[in-house]
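If you count by numbering that gives the first Met the number 0, then the sequence shown holds residues 0 to 420, one letter each, in order.
All residues carry an ideal CB built from backbone N, CA and C; glycine is no exception.
First up is the structure itself, then whatever we jot down about it.
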Amino acid sequence: MYKCSEARMEDKIKTFSKFGDAGHGGITRYSLSPEAIAARNEFVKRMTAIGAEIVTDDLANMYATIPGSDPDAKRIVMGSHVDSVKNGGNYDGILGVMSAMEVLETVVEQNIPHKHPLTAMIWTNEEGSLYPPAMMCSGVVCYDYLPEDIRVKFKKEDMLNSKSILDHTSTFGQALEKSGFKGDEKNRLSPEKYKCMFETHIEQGPILEDNGCDIGVVDCVLGMFNYRVRFYGQTVHAGTFPMPKRRDAFFAASKALCYLHEEIDKLGVPDLVYTTGEVVCHPCVHTCVPDYFDFSIDARHENPDILKKVLDIVLSCADKEWAGCRCEVSKAWNRDTVYWDKKLVSYVKKSAEELGIKHMYIHSGAGHDAQFAAYMLPTTMIFVQSKDGLSHCEPEFSSVTHCTEGATVMLNAVLMADMDE
Ligand SMILES: [Zn+2]
């Protein structure tokens with residue numbers, strides 16, 4: 000078994016944490032921003048130093064490749080993203096890129112024999128925090144392979160027209176042109192040129208830590224649905240209209256939300272998660288009774304039968320009257336559970352086992368670029384323990400030892416995939 004370097008990983012963590020440093024322990028690094036471009040330049044510097052050949056595709060996804068012993072063999076790719084959410088941490092996404100670099104650096108330094116070319120990759124705009132949606136560029140690259148109702152959200156021309164959430168006028172396409180990283184469509188990830196894909200990522204939850212494990216052998220990305228629940232009442236003056244005659248849409252929604260929690264909890268499914276995270280209130284003025292309120296409900300579980308039961312409860316809201324208000328329920332979108340390639344999962348497991356690293360099977364509750372790649376290529380993920388389960392925030396932390404273990408597990412799993420044909 001081969002091992003990656005903790006010192007080199009620590010140096011990368013420290014270096015990349017400077018690009019977009021917000022001054023209080025985390026980063027804001029929107030895709031294609033000057034900070035993200037500095038991170039890309041650092042990637043180029045480090046990959047050039049080991050003799051990798053670097054290309055970009057038409058969406059500025061970056062690929063740094065070192066040759067294997069067989070020039071005709073398909074490439075094995077590892078990667079993730081360098082962009083972050085606003086006031087995010089120093090590990091989400093970038094750890095997968097640093098681990099991919101670390102694997103290539105270790106292979107070159109230790110002269111590890113391998114047949115397939117090995118590629119470290121950066122996906123552009125995974126978070127979609129400045130130009131929505133999330134997972135934009137993997138959505139475009141994997142477009143032809145995605146299920147119909149996912150793919151409609153990722154038409155390339157729509158993505159190029161995605162507007163900045165800050166100025167509402169500049170587009171992702173303009174940022175792409177300006178970045179200097181726009182390359183050729185023929186360089187895209189494809190099943191013709193690539194054999195399989197690995198993505199190392201922080202867990203973003205507390206399960207590994209709670210179970211005393213350093214590494215997660217990820218077996219799937221959870222299926223989920225996202226619905227909107229809308230309430231229609233009547234706006235009246237807050238000072239003049241008697242309580243019993245009101246049709247308050249906000250009050251109606253709050254009753255329905257409590258009902259949803261009570262009914263869904265009665266199902267007694269311990270690993271089910273569901274969230275209301277986005278609301279709209281109209282007119283949202285303190286002197287007006289709201290005539291309209293709408294909330295999101297996002298539910299995630301591996302088993303489609305469980306999700307169906309939850310959905311039936313959500314849909315039942317529309318059959319009831321809530322504080323005199325009419326209720327409508329509609330689908331935003333959903334996805335089935337995406338299972339990783341069984342053989343690759345077994346390599347990750349075997350690699351952790353043989354290295355004596357404490358590990359467990361785990362599901363991914365969050366979405367990642369790898370899940371779109373999985374429709375196109377054999378793909379899998381490796382999770383690294385997140386301290387206190389925190390992510391998408393500045394205190395997000397994974398130790399240098401855990402980060403290096405993630406890279407080491409990936410390195411040895413990649414070498415197993417390298418040998419399997
Ligand atoms: Zn991420």
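Counted within 10 angstroms of its Cβ, other Cβ atoms place residue i as buried (16 or more) or exposed
i	result
Asp183	exposed
Gln109	exposed
Lys11	buried
Asp247	buried
Pro116	buried
Asn210	exposed
Pro190	exposed
His167	exposed
His285	exposed
Pro289	buried
Thr239	exposed
Cys324	buried
Ala331	exposed
Tyr1	exposed
Cys402	buried
Cys141	buried
Limits of the alpha helix (DSSP H) - the one that residue i falls within
i	result
Phe249	248–265
Met8	5–15
Asp304	303–315
Ile149	147–150
Ser79	No alpha helix (DSSP H) contains Ser79, which is instead part of the beta strand (DSSP E) from 74–80.
Asn40	33–48
Glu156	155–159
Met134	From DSSP, Met134 is part of no alpha helix (DSSP H); its letter is neither H nor E.
Residue i: CB within 7 Å of a non-hydrogen atom of ligand 3
i	result
His300	You won't find ligand 3 in this model; what it holds is ligand 1.
Check: residue i C-beta below 7 Å from any heavy atom of ligand 1
i	result
His367	yes
Asp91	yes
Ser425	Residue 425 lies beyond the residue range present for the chain, which begins at 0 and ends at 420; the question has no answer from this structure.
His362	no
Glu261	no
Glu393	no
Glu156	no
Glu125	yes
Ser350	no
Ser79	yes
His200	yes
Run of the beta strand (DSSP E) containing residue i, from where it starts to where it stops
i	result
Ala119	117–122
Arg229	222–231
Tyr62	61–65
Tyr346	Counting along the chain, Tyr346 falls outside any beta strand (DSSP E), though it belongs to the alpha helix (DSSP H) covering 341–354.
Ser178	First-last for Ser178: 171–178, but that is the alpha helix (DSSP H), not the beta strand (DSSP E).
Glu421	Outside the shown range of the chain (0 to 420) lies residue 421, about which nothing can therefore be said.
Cys195	193–201
Ile296	291–300
Val422	Any property of residue 422 remains undetermined from this structure, which presents the chain solely from 0 to 420.
Phe382	378–383
Thr274	272–274
Cys280	278–281
Ile53	52–55
Ile361	358–363
Span separating the alpha-carbon of residue i from that of residue j
i	j	result
His200	Leu414	19 Å
Leu165	Gly179	22 Å
His80	Thr47	19 Å
Arg7	Glu101	8 Å
Gly67	Asn411	15 Å
Ser161	Gly138	14 Å
Phe153	Tyr360	31 Å
Ile111	Ile65	12 Å
Lys386	Asp213	10 Å
Thr275	Val54	41 Å
Val272	Ile206	14 Å
Cys326	Glu52	57 Å
Ser16	Arg39	13 Å
Val216	Lys349	10 Å
His71	Gly24	The sequence shown places Asp at residue 71, rather than the His named in the question. One C-alpha to the other measures close to 45 Å.
Gly58	Thr123	First, the residue type needs correcting, since residue 58 is Leu and not Gly in the sequence shown. Leu58 and Thr123: Cα-Cα distance of roughly 7 Å.
Val106	Glu352	21 Å
Lys73	Val328	47 Å
Pro269	Lys307	16 Å
Lys13	Leu159	33 Å
Lys192	Ala365	28 Å
Gly95	Cys283	42 Å
Phe18	Ser397	18 Å
Arg299	Leu221	6 Å
Asn186	Cys257	50 Å
Met77	Phe197	5 Å
Cβ separation of residue i and residue j, assumed to be a contact under 8 Å, to the nearest whole Å
i	j	result
Thr378	Cys195	7 Å
Ala251	Gly232	6 Å
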